[in-house]
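Engineer: First to last, the protein sequences are chains A and B. Quick note: the first sequence uses this note's numbering, first residue 67, plus one each step. Quick note: the second sequence uses this note's numbering, first residue 337, plus one each step.
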Amino acid sequence: MPVLPVLTYPHPFLKTKVAESDPKDPQLLSVLRDMMDTMDHHAGCVGLAAPQLGHAYRCLIVDVSRSARAEENHGLLKLVNPVILESSQWKVSREGCLSFPDLLANVKRAQKIRFRALDGDLNPFEMVSSNFEAVAIQHELDHLDGILFLDRIRSSKDLFERRKAPSQPL
Amino acid sequence: MRKFFELSAVGQDRPGIVTALAKSFFELGCNLEDSSMTQLKGDFAILLLVSAPADQDWETLKKAVTPVMNELGLSFTLRESPPAAPQRPPKLPYTLVVYGVDHPGIVYRFAKAASDLGINITDLRTHVTDNNGVQLYSLTLDVEIDNFKTVQAFEKEVDSLKKEIQVEATLNPVETDEL
Numbered sequence: 067m068p069v070l071p072v073l074t075y076p077h078p079f080l081k082t083k084v085a086e087s088d089p090k091d092p093q094l095l096s097v098l099r100d101m102m103d104t105m106d107h108h109a110g111c112v113g114l115a116a117p118q119l120g121h122a123y124r125c126l127i128v129d130v131s132r133s134a135r136a137e138e139n140h141g142l143l144k145l146v147n148p149v150i151l152e153s154s155q156w157k158v159s160r161e162g163c164l165s166f167p168d169l170l171a172n173v174k175r176a177q178k179i180r181f182r183a184l185d186g187d188l189n190p191f192e193m194v195s196s197n198f199e200a201v202a203i204q205h206e207l208d209h210l211d212g213i214l215f216l217d218r219i220r221s222s223k224d225l226f227e228r229r230k231a232p233s234q235p236l
Numbered sequence: 337m338r339k340f341f342e343l344s345a346v347g348q349d350r351p352g353i354v355t356a357l358a359k360s361f362f363e364l365g366c367n368l369e370d371s372s373m374t375q376l377k378g379d380f381a382i383l384l385l386v387s388a389p390a391d392q393d394w395e396t397l398k399k400a401v402t403p404v405m406n407e408l409g410l411s412f413t414l415r416e417s418p419p420a421a422p423q424r425p426p427k428l429p430y431t432l433v434v435y436g437v438d439h440p441g442i443v444y445r446f447a448k449a450a451s452d453l454g455i456n457i458t459d460l461r462t463h464v465t466d467n468n469g470v471q472l473y474s475l476t477l478d479v480e481i482d483n484f485k486t487v488q489a490f491e492k493e494v495d496s497l498k499k500e501i502q503v504e505a506t507l508n509p510v511e512t513d514e515l
């Protein structure tokens, strides 16, 4: 099962809105597998959207349990055709993105969302998610609409270069 | 009545610059007012407004600050701040975010679009980062706009500029949460 390269800006596909996926599409499950394998490959990655791998599918995966920041969460979530039904408790937090490896930005997101989607077995479900998990879902869902986190910056002081620690001498 | 002085300084970054600077102004009875200090690659840059007791003059302050600056290896300018400008009518605060593949003229084109409409830039930051082998340029600027008609005209300019020079650009009102 392949680990696929993550598209980085300025790849034009990242700015493209993806149409709803057909649950009967035979490729859908293999797209989700590619996404899983790719997320596993990137330490610290807690979410991926299909368009980041060049797939025109409305799919995202998140698993914030992989992060030290995680509070209550549902572990691994595979979402196909997700739609947010309710959003509340807006708060600004700092985000990064595999498609912009050297940048961080403060972005305002709902800390509580109710959404519906198809799960990894393509069964419809509804869920309430909060805090970091809710933020991750909104970030990935934006990718399905061609919206990148830099598009959500609301002040000149909200963009940062990721300061990398010097690499460990071997 | 306190007097205001503006200091700008830049030099090689190292630990202790802010400490030495704050100590010297503290000992002169000055307050650090508005300031912005940041790392620029390997350098450290300082923009600082200090208020001083009314009997403090520019020569004394400059004489006191110069050896500290020399010790820190910073080149600097110090000037007495002109009297405050008269209160202006409130304006509409907006933020413009621009990013794209680095090429000359990004700041100039967007700044010109603003100034042509009489829009004042109140804060501007730029970053050049390596985005997986591509030099990515990002520009964020805060502006103050007189009225909604000018906002609409600026939106139109931003929209046509982003297509012309092939960058992403979004203009949004600054959100204020009244609590």
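The beta carbon of each residue, even a glycine, is placed where N, CA and C say it ideally should be. Predicted model only: the values in this text are computed from it and were never measured.
1. Using CA coordinates, which residue listed in 341(B), 501(B), 508(B) is at the minimum distance from residue 420(B)?
2. Quick one: which chain A residues come within Cβ less than 9 Å of residue 436(B)?
3. Where do the ends of the alpha helix (DSSP H) carrying residue 442(B) lie?
4. So that I know if they touch, is there some Cβ in chain B lying closer than 8 Å to that of residue 166(A)?
5. Flag this pair as yes or no: are the beta carbons of residue 171(A) and residue 225(A) separated by less than 8 Å?
6. Is there a Cβ of chain A sitting closer than 8 Å to that of residue 515(B), yes or no?
7. Answer yes or no: do residue 462(B) and residue 444(B) have a C-beta to C-beta separation smaller than 8 Å?
8. Closest to residue 90(A) by CA distance: which of 141(A), 146(A), 169(A), 111(A) is it?
9. From this set, 490(B), 422(B), 458(B), which residue's C-alpha is nearest residue 446(B)'s C-alpha?
10. Could you tell me if residue 517(B) is buried or exposed, where buried requires 16 or more neighbouring beta carbons within 10 angstroms of its beta carbon?
11. Among 88(A), 197(A), 185(A), 213(A), which has the Cα closest to the Cα of residue 163(A)?
12. Could you tell me the alpha carbon to alpha carbon distance between residue 387(B) and residue 415(B), rounded to whole angstroms?
13. Using DSSP bridges, identify the partner residues of residue 156(A).
14. For the alpha helix (DSSP H) containing residue 485(B), name the first residue and the last one.
15. Can you tell me the Cα-Cα spacing of residue 204(A) and residue 498(B), whole angstroms?
16. Assign residue 415(B) to one of three DSSP states: helix, strand, or coil.
17. Going by beta carbon distance, what residues of the same chain come within less than 8 Å of residue 211(A), once the five residues before and after it are set aside?
18. Using DSSP with H/G/I as helix, E/B as strand and the rest coil, what is residue 83(A)?
19. Could one say the Cβ of residue 222(A) lies closer than 8 Å to chain B's Cβ atoms, at least one of them?
20. Taking the CB atoms as reference points, tell me whether residue 192(A) and residue 180(A) lie closer together than 8 Å.
21. Pull up the DSSP beta-bridge partners for residue 227(A), would you.
Structural biologist: Here's the rundown:
1. Against the second sequence, residue 420(B) aligns to sequence position 84. Among 341(B), 501(B), 508(B), the Cα nearest to that of residue 420(B) is on 341(B).
2. Here residue 436(B) refers to the residue found at position 100 of the second sequence. Correct list: 75, 76.
3. For the purposes of this step, residue 442(B) is identified with residue 106 of the second sequence, where counting begins at 1. Element bounds for residue 442(B): 442-452.
4. Counting from 1 along the first sequence, the entry for residue 166(A) is found at position 100. Chain B contact via Cβ: present.
5. Here residue 171(A) is taken as the residue at index 105 of the first sequence, counted from 1. Here residue 225(A) is taken as the residue at index 159 of the first sequence, counted from 1. Result yes, Cβ atoms of residue 171(A) and residue 225(A) sit closer than 8 Å.
6. As a working note, residue 515(B) is residue 179 in the second sequence. It does not: the Cβ of residue 515(B) has no partner Cβ on chain A nearer than 8 Å.
7. Counting from one through the second sequence, the residue named residue 462(B) turns up at place 126. Counting from one through the second sequence, the residue named residue 444(B) turns up at place 108. No, they are not a contact pair.
8. Counting from one through the first sequence, the residue named residue 90(A) turns up at place 24. The shortest Cα separation from residue 90(A) among 141(A), 146(A), 169(A), 111(A) belongs to 146(A).
9. Here residue 446(B) refers to the residue found at position 110 of the second sequence. Closest option to residue 446(B), Cα to Cα, is 490(B).
10. Shown here, chain B extends from 337 to 515; a query on residue 517(B) therefore has no answer.
11. Along the first sequence, read from residue 1 onward, the residue named residue 163(A) stands at position 97. Of the candidates 88(A), 197(A), 185(A), 213(A), the one whose C-alpha sits nearest the C-alpha of residue 163(A) is 213(A).
12. Locating residue 387(B) in the second sequence gives position 51, where the first residue counts as 1. Locating residue 415(B) in the second sequence gives position 79, where the first residue counts as 1. Cα to Cα, residue 387(B) sits roughly 12 Å from residue 415(B).
13. Within the first sequence, the letter at position 90 stands for residue 156(A). Answer is 176(A), bridged to residue 156(A).
14. For this step, residue 485(B) is matched to residue 149 along the second sequence. Its alpha helix (DSSP H) spans residues 484-501.
15. As a position in the first sequence, residue 204(A) is number 138, starting the count at 1. As a position in the second sequence, residue 498(B) is number 162, starting the count at 1. Straight-line Cα distance between these residues: approximately 26 Å.
16. For this step, residue 415(B) is matched to residue 79 along the second sequence. Reduced to three states, the DSSP call for residue 415(B) is strand.
17. Position 145 of the first sequence, counted from the start, is the residue given in the question as residue 211(A). Excluding sequence neighbours, residue 211(A) sits near 83, 84.
18. Mapped onto the first sequence, residue 83(A) falls at position 17. Residue 83(A) falls in the coil class under three-state DSSP.
19. As a first step, residue 222(A) is located in the first sequence; it is residue number 156 there, counting from the start. So yes, residue 222(A) belongs to the interface.
20. Position 126 of the first sequence, counting from 1, holds the residue named residue 192(A). Position 114 of the first sequence, counting from 1, holds the residue named residue 180(A). Contact: yes.
21. Working through the first sequence from its first residue, we reach residue 227(A) at position 161. Answer is 169(A), bridged to residue 227(A).
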